[in-house]
Amino acid sequence: MTGPSHGTAPAQHGGNIFLRIVGFLSVLSGVVSASLIVISVGVTCQMIFIRFVLNGSTVWQTEGVTYMMIAATMLGLPYVQYLRGHVNVDLLPLMLPVGARKGLAYIVLLMTLAVSGIMVWNGYHFWHEAWDWGETSNTPWNPKLWVPYLALPLGFGLYSLQLLADTWAMARDVEPPFGIDPDASLTEALAERSE
0 MTGPSHGTAP AQHGGNIFLR IVGFLSVLSG VVSASLIVIS VGVTCQMIFI RFVLNGSTVW
60 QTEGVTYMMI AATMLGLPYV QYLRGHVNVD LLPLMLPVGA RKGLAYIVLL MTLAVSGIMV
120 WNGYHFWHEA WDWGETSNTP WNPKLWVPYL ALPLGFGLYS LQLLADTWAM ARDVEPPFGI
180 DPDASLTEAL AERSE
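According to numbering that gives the first Met the number 0, the sequence shown is numbered sequentially starting from 0.
Given below as structure tokens:
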């Protein structure tokens, strides 16, 4: 997997063990996410072969692929954050002085952490309820629903951890706010972003 094409580097760790561990977990999560996508493609091809070549019926493939793609999306969150791959509109941060830019970065990170924390909390309760009650999907395959539901609190939990690491890195000056060089002028930063 490659990084973003706009030139922003992955999260920096500056030798900090906490930032290195969180970065490793985010990369591991990305590998699991990518693996789930590859497996989903393989299962889809197998399902097409069974249905249209062998003229057979399929029981679990569609549901399994749906669960794997949702898990891939949730588990991909921390890896995309680690790569700085989420959509970023940086015109306002580029126009702000360094101090205000850092303040805006804290506000954005804390608001994102709040939303992510809500998702972890609700996702955990959703998962725990399915696990505690032994819920199943009520389909012919009938899998236990706690297994696919686990991706929600796990993915958002790892995403929150990466956001905390990003906040820590910015607070310790390991990484500048929004990845923008504090000494760069607006024109230089825009030129660098467009390359």
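By construction, the Cβ of each residue, glycine as well, lies at the ideal position given by its N, Cα and C atoms.
Residue i versus the options, residue with shortest Cα-Cα distance
i, options, result
"N87", "P96, V107, M73", "V107"
"I203", "S34, A168, A10, D172", "Absent from the structure is residue 203, since the part of the chain shown begins at 0 and ends at 194."
"P77", "W130, V31, V42", "V31"
"T138", "L74, A10, W59", "W59"
"G14", "Y105, D172, Y66", "D172"
"F23", "Y81, S39, V40", "Y81"
"I117", "L27, T135, G154, D165", "G154"
Whole-angstrom distance between residue j and residue i, CA atom to CA atom
i, j, result
"L111", "W132", "It should be noted that the sequence gives Thr, not Leu, for residue 111. Computed Cα separation, rounded: 31 angstroms."
"G55", "N141", "20 angstroms"
"S115", "S159", "6 angstroms"
"R19", "A99", "28 angstroms"
"T43", "R50", "11 angstroms"
"M46", "G63", "11 angstroms"
"G220", "F48", "For the chain, the structure presents residues 0 to 194; residue 220 sits outside this window and is missing."
"P176", "V97", "8 angstroms"
"Y66", "P147", "6 angstroms"
"M169", "Q11", "10 angstroms"
"A71", "L109", "25 angstroms"
"V52", "R83", "43 angstroms"
Three-state secondary structure (DSSP) of residue i
i, result
"T1", "Because T1 carries a pLDDT of 40, less than 50, the predicted location of this residue cannot be relied on, and the following value inherits that uncertainty. Residue state, collapsed to three classes: coil."
"T72", "helix"
"W130", "helix"
"N121", "helix"
"P77", "helix"
Cross-strand partners of residue i (DSSP beta bridge)
i, result
"K143", "T135"
Beta-carbon proximity list for residue i, same chain, < 6 angstroms, skipping 5 on both sides
i, result
"F17", "none"
Neighbourhood of residue i by C-beta, 7 angstroms cutoff - its chain only, sequence neighbours within 5 removed
i, result
"P152", "V119, G122, Y123, W126"
"L149", "W126"
Residues of its chain near residue i, where Cβ-Cβ distance is below 8 angstroms and the 5 sequence neighbours each way are ignored
i, result
"L91", "L103"
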